[in-house]
Amino acid sequence: MGVPSAVDVARRVPLGAAGHAGAYGDVVTPQWALSEQGIGWIAAHGGAGTTTLTRMLGGIDLGCRWPDAALGEPAKVMLVARTNAEGMGAAGRALNALREGRHPAAMRLIGLVLVADAPGRLPLPLARRIRVLRSIAPVHRVPWMPAWRLGIPPRQLPKELFGLAGVVGADRELPGRKG
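Here the sequence shown is numbered in the working numbering, starting from 1477 and rising by one per residue.
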């Protein structure tokens, strides 16, 4: 049971699609290549934090699926997971799917974003798991943000978010930056 992961959804979502309805019912002609513009955020599992990262840093929230060339989605992607055991297991399975080539041909993984699932230090087994994941892909950590849990903008954003903005080329001014 549980929430479908990026790997599960990737098995069901075709890499290309026929035309789809656009605004005002006109048919949008599909593209045949992923876009070199922007960043896509892929959730390794439900609740990973892609919606929050998209809201903060821009890009496209792809949910639990690979980018679709027919929709002109970005070739550059960040995989996102929580730092609990289930989240890091889902990240490992998605990274394995990438290693096996089960993704769109032009897609490029920029890194793995691990969003803290609770305040405080990680238990040793989870910290060890991060070391394993770091050997596979660049890992970017986002600390626990109590304000996000409450659905309100934080007064101060963590420095890790500004570093992540630089990695993904976020072109927006982030609120709460110490200057």
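For glycine and all other residues, C-beta sits at the position ideal for the given N, C-alpha and C.
Predicted model, so just to flag it, every value in this text is computed and none were measured.
What does residue i pair with, by DSSP beta-bridge criteria?
i: A1431; result: Residue 1431 lies beyond the residue range present for the chain, which begins at 1477 and ends at 1655; the question has no answer from this structure.
i: I1472; result: Outside the displayed span of the chain (1477 to 1655) sits residue 1472, for which this structure offers no information.
i: S1511; result: P1550
i: V1608; result: None; V1608 has no bridge partner.
i: V1643; result: According to DSSP, which records beta bridges pairwise, V1643 is partnered with nothing at all.
i: R1617; result: L1590
Could you say which of the options lies nearest to residue i if we only look at CA atoms?
i: L1598; options: G1642, R1558, K1552; result: R1558
i: P1634; options: G1627, G1535, A1623; result: A1623
i: V1556; options: P1580, S1611, L1602, G1522; result: G1522
i: A1567; options: W1620, R1541, M1621; result: R1541
i: R1625; options: T1528, R1610, R1607; result: T1528
i: E1636; options: S1511, A1592, G1535; result: A1592
i: A1546; options: N1572, I1518, P1580, L1533; result: P1580
i: R1610; options: V1589, M1621, R1584, K1552; result: V1589
i: N1560; options: A1520, S1511, Q1632, E1512; result: A1520
i: I1612; options: F1638, Q1632, A1573; result: A1573
Would you check if the distance between the CB atom of residue i and the CB atom of residue j is smaller than 8 Å?
i: G1587; j: P1614; result: yes
i: A1509; j: A1582; result: yes
i: T1526; j: D1537; result: yes
i: G1577; j: E1549; result: no
i: G1514; j: G1535; result: yes
i: M1554; j: V1618; result: no
i: W1620; j: A1594; result: yes
i: M1564; j: R1607; result: no
i: L1600; j: L1533; result: no
i: R1584; j: K1552; result: yes
Q: Only counting runs of 3 or more residues, tell me where the beta strand (DSSP E) segments fall wholly within the segment 1549–1594, in order along the chain.
A: Complete beta strand (DSSP E) runs here, min 3: 1552–1558, 1584–1591.
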